[in-house]
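Taken in sequence, the protein lines are chains X and S. Per our numbering, the first sequence starts with residue 6, numbered consecutively. Per our numbering, the second sequence starts with residue 4, numbered consecutively. Cβ atoms here follow ideal geometry from the backbone N, Cα and C, with glycine treated the same way. Scroll down for the structure; my scribbles are underneath it.
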Amino acid sequence: MMASSYNAKEEDGHHSGPSSHGGAGAVKSKKPDNTAFKQQRLPAWQPILTAGTVLPAFFVIGLIFIPIGIGLYVTSNNIKEFEIDYTGVDVSSPCFSCAKNYSWDSTTSCTCSVNFTLEQPFESNVFMYYGLSNFYQNHRRYVKSRDDSQLNGDRSALTNPSKECEPYRTSEGQPIAPCGAIANSLFNDTLVLYHVDSNGTKISIPLAKKGIAWWTDKHVKFRNPGGNDNLTIAFQGTNKPVNWRKPVFELDPDDRDNNGFINEDFIVWMRTAALPTFRKLYRIIHKKSSSTPTLASGRYILDITYNYPVLSFDGRKRMILSTISWMGGKNPFLGIAYITVGSICFFLGVVLLIIHHKYDSRNSSADIPN
Amino acid sequence: MASPEGAAAAKVKLRPRKKKKSKKESKTRSVYANILGEEDDNNPNRHYADNKIKTTKYTVLSFLPKNLFEQFHRFANVYFVFIALLNFVPVVNAFQPELALAPVVFILSVTAIKDLWEDYRRHRSDKEINHMDCLVYSRTERRYVEKFWKEVHVGDFIRLRCNEILPADVLLLSSSDPDRLCHIETATLDGETNLKQRQVVRSFFDLDCDFDPSKYNSVIECEKPNNDLNRFRGYIIHRSGRRDALYKDNLLLRGCTIRNTEEAVGIVIYAGHETKAMLNNNGPRYKRSKLERQMNVDVFWCVIILLVMCSFAAVGHGLWMFQYGDKRPVFDVLSPEGTDLSPVLSAIYLFLTMIIVFQVLIPISLFVSIEIVKICQVYFIHQDAELYDEESDSHLQCRALNITEDLGQMQYIFSDKTGTLTDNKMVFRRCTVAGVEYSHDANARRLAMYQEMDSEEEECPSRGGTLPRRDSVGSHHSVKVVLRSHSTKSHRRTGSRAEAKRASILSKHTAFSSPMEKDITPDPQLMDKVNECGSQMDFMRFHSQPMSQLPSDLGDIMDFFIALTLCNTVVVSSPDQPRHKVRMRFELKSPVKTIEDFIKRFTPSRLTSGSNSSSSSSLATNRSSTKGCSSTLSSPSAESVNADGGAEHPNAAATCQPSSANHIAVFLPVPFCRACFQGNSKGKRQKKIIYRTQNYLNQYAADGLRTLCIAKKVLSKEEYACWLQRHLEAETAIQGREELLFESALRLETNLQLLGATGIEDRLQDGVPETIDALRKAGLQIWVLTGDKQETAVNIAYACKLLDPEEEILTLNADSMEACSLLLEESLHYIQAKFLCGSAKAFHADFAPFHIYPSSPPPPPHWSSSHAAVHRLGLVIDGRTLAYALDRSLEDKFLAVARSCRSVLCCRSTPLQKSMVVKLVRNKLKVMTLAIGDGANDVSMIQVADVGVGISGQEGMQAVMASDFALPRFRNLQKLLLVHGHWCYSRLANMILYFFYKNAMFVALIFWYQFYCGFSGSAMIDQWYLIFFNLMFSAFPQLITGTLDKDVSAQTLQQLPQLYINGQNSEEYKPYMFWMNMIDAFYQSLVCFFIPYFAYADSDVDLFTWGTPVTTIAVFTILLHLGVETKTWTWMNWLSICFSVALFFTVALCYNASCPTCYSPSNPYWTMQRLLQDPTFYLLCLITPAAALLPRYFYRACQGTIFPSPVQVGRQLDRLPAKDPHGNILSLSGIQTGARPDPERKSSVAKDPRRPREESQRPDASLSVRIDLPAEGGVKYTKNSQERLSVG
């Protein structure tokens, strides 16, 4: 016993086998256990990748993917979408003057109207988006530039925002609420949609501004400091972001549940887009009755309060109207991708079949399936 | 008890103490007894280490700094810490700084915990050892008291009882043994289980009463502590001024166990860490495997790729900034100070940021994972039941943990012969006495029969493993020379098999495993002679005639047997009485009984002691004599074993001192050395004997027997006294003792009278020919390097199929550099001429200007072509020629010749030469070498080779201690290399490639994203996923696959050794494969990036709601990729993949639900939950992995069909019904077996079916340098050279 422990020491115990550890094992035979695991004889499935064995998989994938792809494609095509660019780059465009003269510093608003025609009626609920291009909301320093605690209504964070908000942390000696670059660059155009009747009258279309943000954002992530009671007092001692016209507690003075940090336009904006070309939900046009389409075909006018400058970075602003399906907005890509991949699989399956016939037959003896 | 003595001793003490100061730096150490009342600070021994051992590396305080310091020796760790620290710089940081530290801290702490645990185990075992008890003499109590080991100091007297373990290196001063001996078992030091004798220091030899420590007052001067177990020199100075020499025979080493000796007393010389055992205690070796070297190159490439990607992003960012000019877009955030960053400056910052973001590309967990996988592989190799040897109850030991995969890439094997290919169990076969041969035919027949029986017996299960061995004191380690009579033999015959088995188990630790091998049926002729001799003796005794009147041939027989009996270590003890040493007894029964009587008559008092103290020259160890001889002859400086056989204790072992005569006969077992006999060969008879004996010796050698000559010398008393005195002087010398002893031996070993010789068979181990055959089919070149003489070696080589009778043999024997050079030249020409015409295509540029294979040979069309230059030729070269051939000027030629031969046999090579050969081949040919051996003479070779394998055989553990892997038998090598080597290699190679792929693929996703975020270093993958991806989500499946994957079953791998070539050519992991994997990784990441990109293009998706599906898809793709690469799916693979997926979703869901305001900047609250309600997410998860893996899957399928690799064919064979894989393989056109002989070539060889066996049996003692070339070549080179002196 002693000898063996000494022995184990001499050899530094580096044999990983359990039988070499511990002195008590010395009396026992050192013969390894004859178990499937230790002898590496675990029952196993051993697929062999040859043309013969693999080609069913290719055909199966092909046969599954192509129908899915067709289904997706059809679904996507059934979605109606209308898009209009109101940036005002062209001289001819109605917003040209607004775009040209506008900068963050101007105090007066500029308005312009864009006319458009819907060829087809939009039957179900219509989602109204604003789209920005070339706007890098995913820039690393931009993404970081926010204080989630402040947005969650944390009092200390309200008066002392996180360092991440720099350089939009304080202005004129007071902390900024909401701080950071994201909030500072809040999209502040106002879009109003009118339907032009056959007799030429403008009928305002009711745009629902609630329900456009994630439920969890609205109710969990974003909270006003001290509840929604008196935001003016709650935000006392803070300053508005430099680019804003009005303080955060005046974002929606009419609706207490949509004001301050829990303003849904603000929440939507704070969810930074993944790609430089993106759209954000602006309003929802609810379907009124089952008989009439939500948006009938015909002429429409979009009134824009042009506040948001994008030309400095070659950006574009768009207004998008879209219905959605179970798989979201209009995007034919997934359907096409499924069809393509399915077809390729099918094609490769055929190639493999040829290869199989050409090569595998000569050693068919090795091809006995399991 | 002895206070005056004590006072006197104290006086003596003062003098040497002054000397001590000056001696402190000197080369020796002085040891005084601790009983003399010195205070602690005056104790002369206080400078020496005490016996408390501490093998732990760390203390509680030093653990953290020391461990970190050690870990930062690995460059990768420094790199990762650097990157993590970079995160703390605000301008460049990419992740939350604390989070970025997590993986590094994790990796470091895993290693630290491993180290801590190991250290704790060491600490516990230290504690256990430190608290063992032993009896130490107490000055105050004047008796021995129990003390802990750690309280033992240098200079203490300790009393040891039987079966106790020695606490320190102790000088033996007293023993209860009447012969003043002490037996120790050194198994813990060198693994040898036979008992070794240690002697009481000579001056205490004649002490009649018990040793009394208080009376001791001598001073010991000895060497500084060193780690040479076999050396101890010093002397002891008594008060009288007398000096006595001390030898290693007087020293009991720490860790050994006292056996067969009731009580022994000694003084501690070295304690604690200064003991030889502890100085020898060095940890496992660290080698870097070939695969790892290759991997490091690719890690370097990864760094380059990383830098390129970072630079690209930095330049992109600079340009992106530049295009905006002075118009600052709202999303381009100013620096915290509110200042504007210039494009160039922000590009530089971005470069650093990108290094952080892309750090995953350098796989942080790769090194840890590889270590884990290797430990698991070692575990499985260790557990393999086929690598377990029932007989010795030993299994494979992996001593080097990190070169398992090298086993799969070996190209050259260098093997020792004796003990490696053969059993190293010496079985007596024949002998010659006085020029008459006694062939012992009956014995041979019996042995042959027994072997058959033995092989049958193997089937019946052994019950032996459970017998307690340690408890029985391991005391049946007796090396016996037994000549049994007919009666005992017939008893054996009737004995059941079970009995034989039991006996063999009982004697597990003895040299002879079965009694059958110990029994000898005497040759009838010899029996007659002996009987005659006996009767003559009886007659003479009766008439009290002097012995010299015996007829000379009978006298020779007489002397022969006396020499055999005397020159052996014989220790007998019985298991039931472990504490009592049984008196010496010879098992010389009836026919030799008379001789025993005779011996008893003439040396009544000296017989037992003399035989006992004979040092080491025994029959069982006579192989070392033979070896030693060969080394003596080839290099005079090598240690001569002659010296220790007869010379070290001439007064004891080999001398027989008839009281009546004035002469002393010295019997010596000697290697046949003509010089030794020449002086005495005046007598015609003696000349004849010498001549005949030499012939017989040649014949024995040709039969593969080991030979030993027995000689005697008669000295006059004066001569003896004169020689003895000089010898004693030599013995007591501290400096140059070996040389002096050697000279002393030389003085004695002249004018010897040759008595006869024995031939001892060393049987081949089981399965050696098959193993060699399989290894050769596997494309391994096998070289045998042996110290044996040429004829023996050649014959063993034939026996183990190393040489083929159909093969031509090139024999190179040269006695000068020029001759050697010429020979090599001629051989080269010959090889060229012979084979160039035959197979021209296989031959380009292989010879004549010597040409080294490019280090990475182009992928051969068939797997055999890299070996195409190897012909059916065997090369035999002897030690002396080898010495010339290894010269710098000739080594290239030698290699050119040798590598074109199928097998190479180097005889009579010294240990140094062995290692030189290995080094030469390894360095010049840039091949992977494996050296396998069992003895101390193989150690240097084992250490030089890429992989050293030791056989834990009969000859001690030195080879095992030096090796990376230790095997019980040679035949285990086959499975170790062909199966485990192959598996380990392919598993690890695939795992490493997968690792590179995985990280590149993941990082590339972020890289593509840079094009869409203004190269701002933004990542759509949440930093948590990014950082824990490697550590958690993708870690387990690859570990399982890396540990358990089997590309081909063990059975097929062994049946088709050709599959091993896969590893030799590094076909699983070639440099281009790294790039292929990188390209595939980039393709897959493109797919995984752009399918979600287009699917979510121009939508209201936010950054991390888009990034999470990308991550999910990447995880799926990576896991499925592993699935495509996994060859064997056990439940563990399924489980690990399911676990990984489940883990990812669990972590994601928990993480996304945990905190609404934390984890800036991603703040992924409820993201995953929302995604799981989104059908697009599922659609993406379905199509993207399919599209990403499509090319690889398709390629694998095509490749498996159109041009399957041999391994794939092997896998297909696995699937076949097991009836006849070999029949099937021939029908598979995909395979071209490299070892299948080219019919054309074969026929050319077959024309010359010269039987080398016949040739080597030619009686001439090969006095010429010859190169044996076939007659059709028309050349025969003969060079005269000086006569070779040695035979035996």
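For this session: Check each candidate in R164(S), Q1013(S), V787(S) and L996(S) and name the one with the smallest Cα separation from T913(S).
Result: V787(S)
Exercise. So, does the CB of P61(X) fall closer than 8 Å to a CB anywhere in chain S?
Worked result: no
Exercise. Hey, quick one: how far does the beta strand (DSSP E) through I360(X) stretch, first residue to last?
Worked result: Not the beta strand (DSSP E): I360(X) falls in the alpha helix (DSSP H), residues F338 to Y364.
Exercise. Would you call the region 312-326 of chain S and the region 1008-1016 of chain S in contact, with 3 or more CB pairs under 8 Å?
Worked result: Contact between the region 312-326 of chain S and the region 1008-1016 of chain S is present, with at least three C-beta pairs closer than 8 Å.
For this session: For K150(S), name the three-state secondary structure that DSSP assigns.
Result: strand
Exercise. Listed in chain order, which residues of the region 83-99 of chain X have Cβ atoms closer than 8 Å to some Cβ of chain S?
Worked result: none
For this session: Could you spell out the range, first to last residue, of the alpha helix (DSSP H) harbouring N48(S)?
Result: No alpha helix (DSSP H) contains N48(S), which DSSP labels as neither H nor E.
Exercise. Cα separation between L17(S) and L758(S)?
Worked result: Low local confidence applies: a pLDDT of 38 at L17(S) is under 50, so the model's placement there is unreliable, with the coordinate-based value given in what follows. Between L17(S) and L758(S), the C-alpha separation is close to 57 Å.
Problem set entry | As assigned by DSSP and simplified to three states, the class of L88(S) | Reduced to three states, the DSSP call for L88(S) is helix.
Exercise. Cβ of L1047(S) less than 8 Å from any chain X Cβ?
Worked result: yes
Exercise. What's the C-alpha gap between I1(S) and Y327(S)?
Worked result: The question about residue 1(S) has no answer, for chain S in this structure spans 4 to 1291.
Exercise. Among all the DSSP beta bridges, which residues are the ones paired with W50(X)?
Worked result: In the DSSP assignment, the residues bridged to W50(X) are W1132(S).
Problem set entry | C-alpha distance - Q1202(S) paired with F1092(S), whole-angstrom precision | 28 Å
For this session: Would you mind telling me which residues of chain X sit closer than 7 Å to P47(S), beta carbon to beta carbon, in chain order?
Result: Within chain X, no residue comes near P47(S); the closest Cβ sits about 30 Å away, beyond 7 Å.
For this session: Go through its chain and collect everything with a Cβ distance to M141(X)'s Cβ below 6 Å, but skip five positions before and after it.
Result: One detail in the question is off: residue 141(X) reads as Tyr in this sequence, not Met. Closer than 6 Å at Cβ, skipping near neighbours: P281.
Exercise. Going along the chain, which unbroken runs of the alpha helix (DSSP H) with 4 or more residues stay wholly within the region 331-380 of chain S?
Worked result: 346-360
Problem set entry | chain X contacts from the region 1114-1132 of chain S (Cβ-Cβ distance under 7 Å) | K1130, T1131 and W1132
For this session: Measure from the alpha carbon of E374(S) to the alpha carbon of each residue in P772(S), P527(S) and E295(S), then state which is nearest.
Result: The shortest C-alpha separation from E374(S) is found at E295(S).
Problem set entry | C-beta neighbour in chain X for W1011(S), strict 8 Å | Answer no: the Cβ-Cβ gap between W1011(S) and chain X never drops below 8 Å.
For this session: Note down, in chain order, all residues in the region 326-355 of chain X with a beta-carbon under 8 Å from any beta-carbon belonging to chain S.
Result: For the region 326-355 of chain X, which is checked against every Cβ of chain S, the residues closer than 8 Å are W331, M332, G333, G334, N336, F338, L339, A342, Y343, V346, I349, C350 and L353.
For this session: Report, in whole angstroms, the separation of the C-beta atoms of T1170(S) and K1049(S), which I expect to be a contact under 8 Å.
Result: Contact doesn't hold; Cβ gap of about 41 Å is too wide.
Exercise. Any idea what DSSP makes of Y199(X), helix, strand or coil?
Worked result: strand
Exercise. Using CA coordinates, which residue listed in L60(X), S167(X) and D257(X) is at the minimum distance from N237(X)?
Worked result: For the record, residue 237(X) in the displayed sequence is Thr; it is not Asn. Of the candidates L60(X), S167(X) and D257(X), the one whose C-alpha sits nearest the C-alpha of T237(X) is D257(X).
Problem set entry | chain S contact for N157(X) (CB, 8 Å cutoff) | yes
For this session: Please specify which runs of the alpha helix (DSSP H), each continuous and at least 4 residues long, are wholly inside the region 925-950 of chain S, giving them in chain order.
Result: Runs of alpha helix (DSSP H) with 4 or more residues, each lying fully within the region 925-950 of chain S, are found at 942-947, listed in chain order.
For this session: Give, in chain order, every residue of the region 178-195 of chain X whose Cβ lies closer than 9 Å to some Cβ of chain S.
Result: G185, A186, I187, N189 and S190
For this session: Closer than 7 Å by beta-carbon distance: list the chain S residues that pair up with E269(X), in chain order.
Result: Neighbours of E269(X) on chain S: none; closest Cβ ~13 Å, over 7 Å.
Exercise. When DSSP builds the beta bridges, which residues end up paired with A969(S)?
Worked result: Paired residue(s): Q400(S) and G953(S).
Exercise. Along the region 37-54 of chain X, what residues have a CB closer than 8 Å to any CB found in chain S?
Worked result: P37, D38, N39, K43, Q44, Q45, L47, P48, A49, W50, Q51, P52, I53 and L54
Exercise. Skipping 5 residues on each side, what residues in its chain have a beta carbon closer than 6 Å to that of E810(S)?
Worked result: R875 and G877
Exercise. Interface residues of chain S around V225(X) at Cβ under 8 Å?
Worked result: P1159, Y1168 and W1169
For this session: Consult DSSP for Q202(S) and reduce its assignment to one of helix, strand or coil.
Result: strand
Exercise. How big is the Cα-Cα spacing for L300(X) and D234(X)?
Worked result: Spanning the two alpha carbons is a distance of roughly 37 Å.
Problem set entry | Cβ-based contacts, 7 Å cut-off: residues of the region 275-286 of chain X near chain S | R276, T277, A278, A279, L280, P281, T282, F283, R284, K285 and L286
For this session: Could you tell me whether the Cβ of R1173(S) comes closer than 8 Å to any Cβ of chain B?
Result: In the structure shown, chain B cannot be found, because the protein chains are X and S.
For this session: Under 8 Å by Cβ, that's how I've got L700(S) and A760(S) pegged, so tell me the actual separation to the nearest angstrom.
Result: About 6 Å separates the two Cβ atoms, so the contact holds.
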